[in-house]
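Per this note's numbering, the very first residue in the sequence shown carries number -15; after that it's consecutive. Heads up, the beta-carbon is just placed ideally off N, CA and C, and yes, glycines get one too.
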Amino acid sequence: MKTINLLGSTGSIGVQTLDVAREHGYKIEALTAYSNVDIIENQIREFRPQYAALVDEKAAADLKVRVSDLPVKVLSGMEGVCFCASEGKGEITLNAVVGMAGLKPTLDAIGAGKTIALANKETLVAGGKLVTNAAKKNGVSILPVDSEHSAIFQCLLGAPSNKALKRIILTASGGPFFGKTKEELEKVTLSDALKHPSWSMGQKITIDSATMFNKGLELIEAVWLFDVSADMIDIVVHRESIVHSLIEYDDNSVIAQLGHPDMRLPIQFAITYPERYPSPEKQLDLWEIGKLSFYKPDYETFPCMDICRAAIRKGGLYPAAVNCANEEANLLFRQGKISFLDIPRLIAEAAEELNDKQDYSLEDVYNTDSFMREIVRKLAKI
Ligand code: NAD
Ligand code: MG
-15 MKTINLLGST
-5 GSIGVQTLDV
5 AREHGYKIEA
15 LTAYSNVDII
25 ENQIREFRPQ
35 YAALVDEKAA
45 ADLKVRVSDL
55 PVKVLSGMEG
65 VCFCASEGKG
75 EITLNAVVGM
85 AGLKPTLDAI
95 GAGKTIALAN
105 KETLVAGGKL
115 VTNAAKKNGV
125 SILPVDSEHS
135 AIFQCLLGAP
145 SNKALKRIIL
155 TASGGPFFGK
165 TKEELEKVTL
175 SDALKHPSWS
185 MGQKITIDSA
195 TMFNKGLELI
205 EAVWLFDVSA
215 DMIDIVVHRE
225 SIVHSLIEYD
235 DNSVIAQLGH
245 PDMRLPIQFA
255 ITYPERYPSP
265 EKQLDLWEIG
275 KLSFYKPDYE
285 TFPCMDICRA
295 AIRKGGLYPA
305 AVNCANEEAN
315 LLFRQGKISF
325 LDIPRLIAEA
335 AEELNDKQDY
345 SLEDVYNTDS
355 FMREIVRKLA
365 KI
């Protein structure tokens, strides 16, 4: 029986992680979220963790009163989240926080020797070198929860090394605007962008999927997780979201992982690895699917993939810069303050303002975050 610290428990991945925990009887040591008191209270009553934390101080005070009949210790602020990530008996810290706010708790959990199950891709994008160096130093494994990276991880199992690996092929659903022209994208609304064809996810990643910035983030995530260069990674649009990604060896043999689009499988595998157990995911009967289709991405209409590729090639703080600029632009779009096509434009323009440092610290990443957010707002005239 595994014991889990779950960060971001009230979100899309958090709730599905608890589905998996319920199914297999995993113990939850800690639960954290930003401010949703109603959901986390119900989760505490069901899973009886030792610790819980809400970032929002007022919400945490409210929660403390509501669960005062239980032995759970309620903490607040980012310190509370970091405590839940790293203290206590949880062997695995599953990070399902959205955005680079997840970076510090990940580093603290690594420092405490916890196995990391990582959904929070922004952590690896903003602080890839810090996270991977800390993991090496502490002998900690980082297991991917993102479906594409779980697929690659599964395809690589059994390979003696990365030596004969020639290419990683990331699949992308293409999002709600696949096949659209730039002119057609000029007028799209928030509700158009939130209509994802195959996955039901939190709002930030759903918008990232519409701009294809999500695939750019995943490219950088793959560089850090699998220790490959950005040039070894290709992207293919696959509308059905059945093939979750592929790898290619020197002899041109291509290996893929397939399944229905259901995050509970990659979540479960990150927890049970190296074991496998029955999953609530539906069995894949290919005759029901019939056809699988693949297309080359439209890099001109969706420039975010190339923005991210250029950022990881430059290295240093560039990946953090484009991630943070995107976090701000994504938010401004959700608030109705900028248009859909402003998102890539603002990210590209903001990244040009970066004063890079190839050898960076956590503080440099935070400074880049506030600087980029400010530049994006300035460029957007907000
Ligand atoms: P979500 O918005 O549904 O949930 C985010 C969770 O993080 C919530 O519990 C929220 O309370 C908490 N949170 C928000 N801001 C916080 C902050 N500043 N500090 C601490 N906690 C905070 O998001 P999601 O869709 O579950 O995605 C979570 C992460 O997983 C993202 O990095 C996303 O890219 C990644 N991911 C999600 C999916 C998916 O299917 N949803 C798939 C692959 C990867
Ligand atoms: Mg993904």
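Within 10 Å of its beta-carbon, does residue i have 16 or more other beta-carbons around it, so buried, or fewer, so exposed?
| i | result |
| --- | --- |
| Gly(-5) | buried |
| Ser157 | buried |
| Gly97 | exposed |
| Gln241 | buried |
| Trp271 | exposed |
| Gly(-2) | buried |
| Phe317 | buried |
| Tyr261 | exposed |
| Tyr283 | exposed |
| Glu132 | buried |
| Thr155 | buried |
| Glu41 | exposed |
| Thr173 | exposed |
| Gln267 | exposed |
| Gln342 | exposed |
| Leu141 | exposed |
| Ile273 | exposed |
| Gly64 | buried |
Assuming residue i and residue j form a contact by the criterion Cβ under 8 Å, report the distance between their Cβ atoms to the nearest whole angstrom.
| i | j | result |
| --- | --- | --- |
| Ser52 | Ala17 | Actually they are not in contact, since the Cβ atoms of Ser52 and Ala17 sit about 19 Å apart, beyond 8 Å. |
| Ala118 | Leu91 | 6 Å |
| Ala110 | Cys308 | 7 Å |
| Lys105 | Glu205 | 5 Å |
| Lys166 | Glu75 | 48 Å between Cβ atoms; not a contact. |
| Ile28 | Leu54 | 7 Å |
Could you have a look at residue i and say whether DSSP puts it in helix, strand or coil?
| i | result |
| --- | --- |
| Thr90 | helix |
| Val4 | helix |
| Pro128 | strand |
| Ala148 | coil |
| Ala143 | coil |
| Ser70 | helix |
| Tyr279 | strand |
| Thr(-13) | strand |
| Val221 | strand |
| Asp353 | helix |
| Thr285 | coil |
| Arg260 | coil |
| Gln27 | helix |
| Thr(-6) | coil |
| Leu268 | coil |
| Phe162 | coil |
Which residues does DSSP list as the beta-bridge partners of residue i?
| i | result |
| --- | --- |
| Thr99 | Ile76 |
| Lys371 | Residue 371 lies beyond the residue range present for the chain, which begins at -15 and ends at 366; the question has no answer from this structure. |
| Glu232 | Arg151 and Val238 |
| Ala17 | Leu38 |
| Lys11 | Thr(-13) |
| Val227 | Leu242 |
| Ala156 | Val221 |
### Task
Let me have the residue list for the ligand MG: C-beta closer than 6 Å to any non-hydrogen atom, ordered along the chain.
Asp130, Ser131, Glu132 and Glu202
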